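S.K.: Number 135 in our numbering belongs to position 124 of the sequence shown; there are no gaps in the numbering.
Sharing a structure with you now.
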Amino acid sequence: MTETAGDPAPAVVLEAVRKSYGGREAVAGISLQVRHGEFFGLIGPNGAGKTTLVEIMEGLRQADSGTVTVFGESPWPRNTALLPRIGVQTQSSAFFARLTAREHLRTVAALYRTDDDAAERALALVDLTDRGDQRIEALSGGQRQRLAIAAALVHEPELIFLDEPTAALDPQARRSLWSVLRTLRSQGRTIVYTTHHLDEAEALCDRVAIVRAGRVVALDSPGRLLDALGAPTRLVIPADRITVQEAADIGGVDRAVLEGMSVVIETRSAGRVLAAVDAAVGLEKVQTRTATLEDVYLALIGSEQNA
Ligand code: ATP
Numbered sequence: 012m013t014e015t016a017g018d019p020a021p022a023v024v025l026e027a028v029r030k031s032y033g034g035r036e037a038v039a040g041i042s043l044q045v046r047h048g049e050f051f052g053l054i055g056p057n058g059a060g061k062t063t064l065v066e067i068m069e070g071l072r073q074a075d076s077g078t079v080t081v082f083g084e085s086p087w088p089r090n091t092a093l094l095p096r097i098g099v100q101t102q103s104s105a106f107f108a109r110l111t112a113r114e115h116l117r118t119v120a121a122l123y124r125t126d127d128d129a130a131e132r133a134l135a136l137v138d139l140t141d142r143g144d145q146r147i148e149a150l151s152g153g154q155r156q157r158l159a160i161a162a163a164l165v166h167e168p169e170l171i172f173l174d175e176p177t178a179a180l181d182p183q184a185r186r187s188l189w190s191v192l193r194t195l196r197s198q199g200r201t202i203v204y205t206t207h208h209l210d211e212a213e214a215l216c217d218r219v220a221i222v223r224a225g226r227v228v229a230l231d232s233p234g235r236l237l238d239a240l241g242a243p244t245r246l247v248i249p250a251d252r253i254t255v256q257e258a259a260d261i262g263g264v265d266r267a268v269l270e271g272m273s274v275v276i277e278t279r280s281a282g283r284v285l286a287a288v289d290a291a292v293g294l295e296k297v298q299t300r301t302a303t304l305e306d307v308y309l310a311l312i313g314s315e316q317n318a
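Right, dumping it as structure tokens:
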């Protein structure tokens, strides 16, 4: 890896980037920067333009207008100086035909002039060592996806693009990939990734851009996006412990309603209300639910749809 620690220059800079297919604008003027060493997420509905945007950053597609720089250089036309520094996993990954997983990774490693040890490390990283001698066509969808991720990492790139890397993974494989991604992040690598798993984006990303209809409608850390939403905390109390009226009378409660077998309280003063509930009926079986990135996403995408 090139020594760039402390380098304040952003890894990726997009300015007013546009891309149309036929008459349809997939990316409608996006400006953003991915900081060096950042874990950057792109989220948004199907067809929002995320893949198109990532492919423009990767140098796989040409923007119609605007400027794109990766490590200060244009990725288009195909910039061979950038190739060793970036790793790419696409939604539809191509594999060398008829090879085993290990042979595939060794071939990729050779293309990047790294050795078989690098292939072995990549195989281990995605937990496929046991499957190394299996033909790729005999791997499951999730295993193939992990192999594609290993192929993107085999040359230890500084900047890694992952397009829905956890889409086909079972919950256990998804969690184990989270730890791989966190390790890469802790090594100072920059990660740009797309996902529809908002819990994952919230857990992993330093910042997320929410994209809708080719535009960025919000861009910030998950924490700041949540603060900006200003959503109330919900306390869920078994209905045999408190009435709606008693709940509504607690100081700091914005709203109290009966939902099934529970009284649900909404409050923006969670600490104060929790203390009052504790004093009145105790906290046993009382659940606290705070807003998630999914609430932010739905609020923004919903309001955009209504706009
Ligand atoms: P998803 O979450 O479904 O992967 P996305 O946000 O990645 O969606 P894109 O794949 O970038 O969205 O697609 C954005 C728009 O551009 C869509 O309307 C899509 O139909 C269109 N599009 C994408 N690729 C092409 C192409 N090669 N030719 C024509 N239209 C395309």
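Yeah, the Cβ is synthetic: ideal placement off N, Cα and C, and Gly gets one too.
Fair warning: this is a prediction, and the values are worked out from it, not measured in the lab.
Thinking A130 and R113 are a contact (beta carbons under 8 Å), I'd like their distance in whole angstroms, please.
M.R.: Residue numbering aside, residue 130 sits at position 119 when the sequence shown is read from its first letter. Residue numbering aside, residue 113 sits at position 102 when the sequence shown is read from its first letter. Yes, A130 and R113 are in contact; Cβ-Cβ is about 7 Å, under 8 Å.
S.K.: Would R223 and A59 qualify as a contact pair, given that the criterion is a beta-carbon distance under 8 Å?
M.R.: Indexing the sequence shown from 1 puts residue 223 at position 212. Indexing the sequence shown from 1 puts residue 59 at position 48. Yes.
S.K.: Could you tell me which residues DSSP puts in a beta bridge with A229?
M.R.: Within the sequence shown, the letter at position 218 stands for residue 229. A229 pairs with I221.
S.K.: For R72, which residues from the same chain have a beta carbon less than 6 Å from its beta carbon, with the 5 sequence-adjacent residues on both sides left out?
M.R.: Sequence index remark: in the sequence shown, residue 72 carries index 61 (1-based). Only E66 meet the Cβ criterion.
S.K.: Quick check on F107: buried or exposed, where buried means 16 or more other Cβ atoms within 10 Å of its Cβ?
M.R.: Within the sequence shown, residue 107 is the residue found at index 96, counting from 1. That one is exposed.
S.K.: Just list the residues that DSSP pairs S42 with in beta bridges.
M.R.: Stepping through the sequence shown from its first residue, residue 42 is reached at position 31. Its beta-bridge partners do not exist; DSSP assigns none.
S.K.: How would you call S273, buried or exposed, if buried means at least 16 neighbouring beta carbons within 10 angstroms?
M.R.: Reading the sequence shown from its first residue, position 262 is the one you call residue 273. Result: buried.
S.K.: Confirm the yes/no value for this check: CB of A178, any heavy atom of the ligand ATP, distance under 7 Å.
M.R.: In the sequence shown, counting from the first residue as 1, residue 178 sits at position 167. Checking every heavy atom of the ligand ATP against the Cβ of A178, none is found closer than 7 Å.
S.K.: Where do the ends of the beta strand (DSSP E) carrying G52 lie?
M.R.: The count along the sequence shown starts at 1 and reaches residue 52 at position 41. From DSSP, the beta strand (DSSP E) with G52 extends over F50 to I54.
S.K.: Helix, strand or coil, according to DSSP, for P95 in the structure here?
M.R.: Along the sequence shown, one-based indexing puts residue 95 at 84. P95 falls in the helix class under three-state DSSP.
S.K.: So which of D289, A267 and L309 has the shortest CA-CA distance to R245?
M.R.: Translated into positions along the sequence shown, residue 245 becomes position 234. Of the listed residues, the one whose Cα sits closest to R245 is A267.
S.K.: Please confirm whether L134 and G143 have their CB atoms less than 8 Å apart.
M.R.: Residue 134 sits at position 123 when you count from the first residue of the sequence shown. Residue 143 sits at position 132 when you count from the first residue of the sequence shown. Closer than 8 Å, so yes.
S.K.: Helix or strand or just coil, what does DSSP make of Q100?
M.R.: Counted from its first residue, the sequence shown places residue 100 at position 89. It is a strand residue.
S.K.: Starting from E270, follow the beta strand (DSSP E) in both directions and report where the run begins and ends.
M.R.: For the purposes of this step, residue 270 is taken as the residue at position 259 of the sequence shown. Note, E270: beta strand (DSSP E), V264 to E270.
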